[in-house]
Structures are given as structure tokens and as C-alpha cells.
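The numbering of the sequence shown is the numbering used here, which starts it at 1146 and goes up by one.
Note that CB positions come from ideal geometry on N, CA and C, so glycine has one too.
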Amino acid sequence: TINYRTLKPEHGGLFCERIFGPTRDWECYCGKYKRIRHAGTVCDKCGVEVTRSKVRRERMGHIELAAPVAHIWYVKGTPSRLGLLLDITPRNLERVLYFASYLVTDVDLEARDQTLEEIRAMSDETIAEIQGEAEALIAQIRQDTQANVDNLEEGTSGLVERFELERDEKLQELEASFNEQLALLESLKGSSSESQIKWEKKVIVRKGTAVNDDAIQKLTDVYENRKDEITAEAEHLRSGGDAMSGAESDLITHEANQQIKKIQAEADEKVRTEEEERDSVLKIVAGLVERAILTEAEYRELTEILPPGVFKASMGAEAVYELITTKVDLDDLAVELRQDMQATSDNKRKKATKRLRVVEALRKSGNRPEWMIFTTLPVIPPELRPMVQLDGGRFATSDLNDL
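The structure is reproduced here in C-alpha cells:
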């Protein structure tokens, strides 16, 4: 801030003559204007006002900060004045000031509530879609299963009809053969048979034996037995077909039921996951209020979920400064805290008392709460923090000259 060769203040530095005044009485920096007759003149070349050098003991400067900063006295003091004023714990306040968390400075409650309803509606629509797809798949499986069972029963019915048709044909052939054999025995009745008479592999009349009523009765018995055998055989085949059809039908139905259970279980799992995600999002959005502290992940999630303008959140002292200047009214806050002091809860009453003490101190002193946040850095007059040249060319300087 001081040129090491000329030992004159540098332009724009901590000892700048344009800011604090000339180092010599009635003389500008560049020397264009000298003597008292130019008093009050601002040099158009160097920008220094021609006046007494003692103004360098009076004039203050300031440095505009690129971003607001909180004074450590009011942050880490015991108790934390900023924390009490904003009703934020010292830990959370430090996380905001050191850019580790976001501070919500403004919330559009109407837009937030509308977004909550939209989230619920979208979730209900998604759940209905999941259940609708599952029901459609289940209905298709049941339809296909019923069609397969019907085809199987139709095939079984056709097989039974074929068995019955074959039975009837065999019975008709048996009856025709029986009538023919009966007529033969009737014609030979009372005489001896010249040869052995067999029917259906059974000997009815032996050779040389007389044909009588016993032979006719034996033929009738063979006929009845054979007819019963044919009928029983057909019934056995029909029962077997029905059993096979029933088993296959049960197998088809069982497989279909297993598929339906799997589809229903998957749909229930999807619905449960959707409901959990919805409830998680609703909890975050519903908890979005002024002075809420958000992590980086929560802030990103909210910016993705909510449309622009629903809420504002930022980090650092800038967020605290904005909240204090726009949302803190000391008079209203004092009234509110006095009401809280009437609460039955000891903790709430003690907390309100501590906060009210800070609020009343600010009101009585006339200090504004936003003054606890620096937006500009004051610089005291340079003559009150001089740089003195020592023997050997070195300089002795005050700590106030260190930025």
C-alpha cells in the first residue's frame, strides 16, 4: 500500500490520498495544485482534494465485501445472539455460515400446499396404473387358463363319446352274434351235436352232446358276461380319461394361480415402494418452512421436486442477512415472545426469555439486527495506524494494516 521506492501511498491502497486526504498540507498527490488558494479543489489528474493533512486522522474508508460475513462475536458468543434472534441452534447456524447447509429464507405456502396435492395425485395415479396393469395381466391369465381347461374338457368329452360309440358297436356285434348262435341252438334243440359248438371262446355244446335248454342257458350266460365285460371296459376307459383330464386341469389351474400370486406380489411391492417414496417426499416438502436447515441432498431433491419460486434457500452469511432484513421485525417478535413466556412448558418459557432479552437489548439500544452481519469492512484513518520507517530501511506497522 506504500511504494517501496518513493514511500508514497499507492492509489487505492490502505493509505490512498484520494480516499483519506493529502499527506502534505494544501498539496495534491501529483503536485498539480499547491498552496492554500486551491483549498477544496479536487485534482482532475490524481483525484486528491487539496486540504489540510490532518484530515487523514479523521476520514475513514471502507471495503465493499464480495459477500456478507457474520461477526464472530455474535455467532460464537455465549449465548449466540444470532442463534437466539433467529431461533436456530448454534450448530446449525455455523453449518449455514460455513457453507455446509442451506437456510430456507422464503416459502410460498400456497404453492407448497398445491405441490403437495399434485404429488399425492401423481402417486395415486401411479399406484392405480400399477394395479391396473396387474389386474389386466391376471384377467388375461385367467382367460387363457379357462380357455385351456375348456379345450381339455372338450377333448375329453370327444374321447368319452368315442369310447361309448365303440362300446355300442361292440354290443351290437355281440348281440347279433348271440342271436345267430341262439337260432342255431334252437334249430338243433333235442338232437345231438355232430361237432363242438364254441362261442366267444367258450364251449357251449360238446361234440355228441344233446342240445337242450341248459346249452341255451349257458349261451345266454356267456352273452351276459361278455356284455358286462364290454360295458366295464368302456367305463374304465371313460373313468381314466376323466381322471387324466381332471389332473391336467388341476395342473393348469395351479400354474395359473402361481403366476397370479407372483404378479400380485410384484404389484404389491411396487405399490409399497411408491408409497414409501411418496411419504418421504411429502415429509420433506411439508417440513419446508422458513428458517429450516437443509442438507445438500435435501436441497437438490427439493429443487427437482418443486417448481421454481416455491422456496428460496442459500448458504453463508448472505442467507442469514436476507432472513434478518426481510423476516425479522423486532416489535412483532417481542410481542410474540411475551406470549410464549405465558406457556406452561418450562423449556419453552426459558427459551422465550433468553430470546426476548436479546430482542429488547437491540430495541433499547437502537441497533439493527442486520448490523451483526458485515457487508462492508470499515477502515480507520491512516494516521491512527501509521507505518514508521526504522533504521535500516525496515518499517514498523500496526496490526490494523493487515487484511
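Output the boundary residues of the beta strand (DSSP E) element that contains residue i.
i	result
serine 1246	No beta strand (DSSP E) holds serine 1246; DSSP gives it neither H nor E.
isoleucine 1518	1518 to 1524
leucine 1210	1206 to 1215
isoleucine 1349	1347 to 1350
Helix, strand or coil: which one does DSSP assign to residue i?
i	result
lysine 1509	helix
glutamate 1435	coil
aspartate 1189	coil
alanine 1488	coil
aspartate 1358	helix
proline 1514	helix
threonine 1260	helix
aspartate 1565	Limits of the chain in this structure are 1146 at one end and 1548 at the other, which puts residue 1565 out of reach.
glutamate 1172	strand
serine 1225	coil
isoleucine 1233	coil
glutamate 1278	helix
valine 1455	coil
serine 1337	strand
valine 1200	helix
alanine 1184	coil
valine 1480	helix
proline 1154	strand
lysine 1179	strand
valine 1533	strand
By the DSSP assignment, the alpha helix (DSSP H) with residue i in it spans what residues?
i	result
glycine 1461	1461 to 1472
tryptophan 1344	Taken as a continuous stretch (DSSP letters only), tryptophan 1344 belongs to no alpha helix (DSSP H), being part of the beta strand (DSSP E) at 1342 to 1344.
isoleucine 1164	1162 to 1165
alanine 1442	1441 to 1450
Whose C-alpha, out of the options, is nearest the C-alpha of residue i?
i	options	result
lysine 1347	Met1205, Lys1363 and Met1460	Lys1363
proline 1526	Ser1198, Asp1189, Arg1150 and Ile1286	Ser1198
arginine 1383	Leu1210, Val1220, Tyr1368 and Arg1312	Arg1312
valine 1214	Asp1544, Met1517 and Asp1536	Met1517
glutamate 1435	Lys1352, Val1455, Thr1168 and Tyr1219	Val1455
arginine 1265	Phe1519, Glu1421 and Thr1489	Glu1421
leucine 1327	Asn1237, Lys1177, Asp1170 and Val1367	Val1367
methionine 1267	Arg1445, Asp1424, Arg1182 and Leu1501	Asp1424
serine 1246	Val1480, Asn1492, Gly1461 and Val1416	Gly1461
proline 1514	Glu1339, Val1426, Val1220 and Glu1306	Val1220
valine 1465	Ile1438, Arg1202 and Leu1282	Ile1438
glutamate 1325	Ala1273, Arg1307, Leu1478 and Glu1345	Glu1345
glutamate 1463	Lys1315, Ala1184, Phe1519 and Gln1487	Phe1519
isoleucine 1286	Glu1411, Gln1404 and Leu1227	Gln1404
Assuming residue i contacts residue j (C-beta within less than 8 angstroms), just tell me the rounded distance between them.
i	j	result
glutamate 1155	tyrosine 1174	That belief does not hold up - the Cβ atoms of glutamate 1155 and tyrosine 1174 are roughly 10 angstroms apart, past 8 angstroms.
leucine 1482	leucine 1210	Not quite, the Cβ-Cβ distance comes to about 31 angstroms (not below 8 angstroms), so this is no contact.
threonine 1398	threonine 1260	Going by Cβ atoms, the distance from threonine 1398 to threonine 1260 rounds to 48 angstroms, so no, they are not a contact pair.
phenylalanine 1160	threonine 1146	5 angstroms
threonine 1196	glycine 1166	6 angstroms
glutamine 1341	lysine 1334	Actually they are not in contact, since the Cβ atoms of glutamine 1341 and lysine 1334 sit about 17 angstroms apart, beyond 8 angstroms.
lysine 1457	aspartate 1189	Contact flag wrong, Cβ pair sits at about 46 angstroms.
leucine 1468	leucine 1507	Incorrect: roughly 15 angstroms between the Cβ atoms, too far for contact.
alanine 1355	serine 1336	7 angstroms
Pull up the distance between the alpha-carbon of residue i and that of residue j, whole angstroms please.
i	j	result
isoleucine 1233	valine 1473	13 angstroms
lysine 1343	glutamate 1374	18 angstroms
arginine 1530	threonine 1542	7 angstroms
arginine 1257	glutamate 1270	20 angstroms
glutamate 1380	aspartate 1358	33 angstroms
glutamate 1553	glutamate 1309	Nothing can be reported for residue 1553, as the shown portion of the chain is limited to 1146 through 1548.
asparagine 1370	glutamate 1331	21 angstroms
lysine 1496	valine 1504	13 angstroms
arginine 1240	valine 1430	21 angstroms
proline 1235	tryptophan 1218	12 angstroms
glutamate 1278	valine 1249	41 angstroms
glutamate 1400	alanine 1321	50 angstroms
leucine 1229	threonine 1448	29 angstroms
glutamate 1255	glycine 1432	14 angstroms
isoleucine 1450	tyrosine 1243	26 angstroms
threonine 1376	valine 1294	28 angstroms
serine 1394	asparagine 1296	10 angstroms
threonine 1489	threonine 1498	13 angstroms
arginine 1180	phenylalanine 1540	30 angstroms
serine 1459	serine 1225	21 angstroms
valine 1200	arginine 1169	10 angstroms
leucine 1231	threonine 1418	38 angstroms
leucine 1478	glutamate 1443	29 angstroms
leucine 1194	glutamate 1203	First, the residue type needs correcting, since residue 1194 is glutamate and not leucine in the sequence shown. Computed Cα separation, rounded: 14 angstroms.
Taking 7 angstroms as the cut-off, does the CB of residue i come closer than this to any heavy atom belonging to the ligand SAM?
i	result
valine 1524	Judged by which ligands are present, the structure shown has none, so any question about the ligand SAM falls away.
Under 8 angstroms between C-beta atoms, does residue i make it to chain D?
i	result
methionine 1205	Absence of chain D from the displayed structure is noted, only one protein chain being present.
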